[in-house]
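All residue numbers for the sequence shown refer to UniProt numbering, where the first residue is 1 and numbers rise by one.
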Amino acid sequence: MPNVLIVHAHPEPKSLTSALKDVAVQTLREQGHEVKVSDLYAMKWKAVADEADFTEPNDPDRLIYVAESKHAYAGGTQSADIAAEQEKLLWADAVLLSFPMWWFGMPAIMKGWFDRVFAYGFAYGVGEHNDKHWGDRYGEGTLAGRRAMVIVPIGGRAPHYSERGVNGSLEDILWPIQHGGLFYPGMDIMPPFAVYHTDRMDEAGWHDAVKDLKQRLQGLFTDAPIPYRAQNGGHYDAQQRLKPGLGQGAGGTAMHLVQSGDPEEILRGTVRRLAS
Numbered sequence: 001m002p003n004v005l006i007v008h009a010h011p012e013p014k015s016l017t018s019a020l021k022d023v024a025v026q027t028l029r030e031q032g033h034e035v036k037v038s039d040l041y042a043m044k045w046k047a048v049a050d051e052a053d054f055t056e057p058n059d060p061d062r063l064i065y066v067a068e069s070k071h072a073y074a075g076g077t078q079s080a081d082i083a084a085e086q087e088k089l090l091w092a093d094a095v096l097l098s099f100p101m102w103w104f105g106m107p108a109i110m111k112g113w114f115d116r117v118f119a120y121g122f123a124y125g126v127g128e129h130n131d132k133h134w135g136d137r138y139g140e141g142t143l144a145g146r147r148a149m150v151i152v153p154i155g156g157r158a159p160h161y162s163e164r165g166v167n168g169s170l171e172d173i174l175w176p177i178q179h180g181g182l183f184y185p186g187m188d189i190m191p192p193f194a195v196y197h198t199d200r201m202d203e204a205g206w207h208d209a210v211k212d213l214k215q216r217l218q219g220l221f222t223d224a225p226i227p228y229r230a231q232n233g234g235h236y237d238a239q240q241r242l243k244p245g246l247g248q249g250a251g252g253t254a255m256h257l258v259q260s261g262d263p264e265e266i267l268r269g270t271v272r273r274l275a276s
């Protein structure tokens, strides 16, 4: 059975977010999956990216984080906590992010997990870079072949996060996390599992949320992912702009979803087919 890593960010173990994480762990294990949890607050995860992330700095006089990240990843001189999380990601067949929506994004501790763990040479700066191939990213990369899903409780009501909602659509709000953070190094992204109006949830609402989450987890490896376009699949021009004729009728980030009738994407001479 596939392995699942859950990266969890909430300071209160008795919170609704933590309770949903516990449901996910139990459900996945009952399905036969091996599950590991990185509980960032419980781990007292260091969220700040700084010189302490490198045990043997290449330039001790000036910190250029990108350059030091590249040097440390290649030379095995990253701090132990960073290397441990990278090993978990390589072990996993699916990654779940569990966090509450705070100020239209993830808690700072989880952003710090991305900043430090997604090192140069591991999650970016990977693959050949030339005028026809812009590195292995957005559909390719170190984490290709894995699935990812966001579990996000939200205090606001669902209509607030709809296409015409005052907060903007949930898809657009999560774009930097799902497309920029998870799809960038190659993972296939499942539609998010969002629970709304959580500060007013009653017992019936909780039971519905648990039922819905269990159903979503049942299809974690079989349901269709979000059809993001691959960067090197042929839909973008040499300047990485969507080619004319594609994305018709879609605005904003939605134009970067493969649509019915679009030409096939070709990655390294092979037709790219989204798993389902």
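All C-beta atoms in this analysis are idealised placements derived from N, C-alpha and C, irrespective of residue type, glycine included. These figures come from a predicted structure and were not determined experimentally.
Selection from the options that minimises the alpha carbon distance to residue i
| i | options | result |
| --- | --- | --- |
| Arg-137 | Leu-96, Ser-15 and Pro-185 | Pro-185 |
| Phe-193 | Met-106, Gly-180, Leu-96 and Glu-163 | Leu-96 |
| Ala-84 | Val-7, Val-195 and Asn-130 | Val-7 |
| Arg-146 | Leu-182, Ser-169, Met-106 and Asp-22 | Leu-182 |
| Val-152 | Leu-170, Gly-141, Lys-88 and Glu-163 | Leu-170 |
| Val-4 | Pro-159, Gln-31, Ala-19 and Glu-12 | Gln-31 |
| Ser-79 | Gly-180, Asp-208, Phe-54 and Lys-88 | Phe-54 |
| Gln-239 | Leu-143, Ala-67, Lys-132 and Val-35 | Lys-132 |
| Thr-222 | Met-201, Pro-191 and Leu-246 | Pro-191 |
| Gly-180 | Pro-2, Leu-246 and Ala-123 | Ala-123 |
| Tyr-65 | Glu-163, Leu-267, Pro-11 and Asp-115 | Asp-115 |
| Pro-11 | Phe-99, Leu-267 and Gly-75 | Phe-99 |
| Gln-86 | Gly-75, Ala-119 and Ala-67 | Ala-119 |
Cα-Cα separation between residue i and residue j, rounded to whole angstroms
| i | j | result |
| --- | --- | --- |
| Asp-199 | Asp-59 | 48 angstroms |
| Ala-92 | Val-37 | 11 angstroms |
| Gly-269 | Asp-172 | 31 angstroms |
| Arg-272 | Lys-243 | 18 angstroms |
| Gln-248 | Arg-241 | 14 angstroms |
| Leu-63 | Ala-108 | 22 angstroms |
| Met-187 | Ser-15 | 28 angstroms |
| Gly-141 | Gly-165 | 34 angstroms |
| Asp-61 | Tyr-73 | 19 angstroms |
| Trp-45 | Ala-148 | 21 angstroms |
| Pro-13 | His-129 | 44 angstroms |
| Ser-69 | Arg-29 | 35 angstroms |
| His-33 | Val-25 | 9 angstroms |
| Val-195 | Gly-121 | 35 angstroms |
| Ala-250 | Ala-42 | 42 angstroms |
| Leu-246 | Val-35 | 40 angstroms |
| Met-201 | His-207 | 10 angstroms |
| Ser-162 | Phe-104 | 14 angstroms |
| residue 278 | Ala-254 | Residue 278 is absent from the structure shown; the chain starts at 1 and stops at 276. |
| Leu-227 | Asp-237 | The question names Leu, but residue 227 is Pro in the sequence shown. Going by the C-alpha atoms only, they are around 19 angstroms apart. |
| Asp-262 | His-71 | 41 angstroms |
| Leu-267 | Gly-205 | 44 angstroms |
| Gln-215 | Gly-75 | 43 angstroms |
| Pro-67 | Glu-203 | Checking the displayed sequence, the identity of residue 67 turns out to be Ala instead of Pro. Rounded to whole angstroms, Ala-67 to Glu-203 spans 51 angstroms at the Cα level. |
Within 8 angstroms, strictly: CB atoms of residue i and residue j
| i | j | result |
| --- | --- | --- |
| Leu-217 | Thr-17 | no |
| Thr-77 | Glu-51 | no |
| Val-126 | Gly-135 | yes |
| Trp-113 | Leu-40 | yes |
| Ile-82 | Val-48 | no |
| residue 278 | Met-110 | Nothing can be reported for residue 278: it is not among the residues displayed for the chain, which extend from 1 to 276. |
| Met-106 | Ile-154 | no |
| Leu-143 | Leu-89 | yes |
Assumed close pair residue i, residue j - CB separation to whole angstroms, cut-off 8 angstroms
| i | j | result |
| --- | --- | --- |
| Val-23 | Val-210 | 6 angstroms |
| Gly-252 | His-197 | Between His-197 and Gly-252 the Cβ distance is about 25 angstroms, and since that is not below 8 angstroms, they are no contact. |
| Ile-189 | Pro-225 | 6 angstroms |
| Ala-94 | Leu-220 | 6 angstroms |
| Arg-229 | Glu-264 | Going by Cβ atoms, the distance from Arg-229 to Glu-264 rounds to 12 angstroms, so no, they are not a contact pair. |
CB contact check: residue i to chain C, cutoff 8 angstroms
| i | result |
| --- | --- |
| Gln-240 | In the displayed structure, chain C is absent; only one protein chain is listed. |
Problem - the segment 226–237 in contact with the segment 256–271 per 3-pair CB rule at 8 angstroms - result: yes
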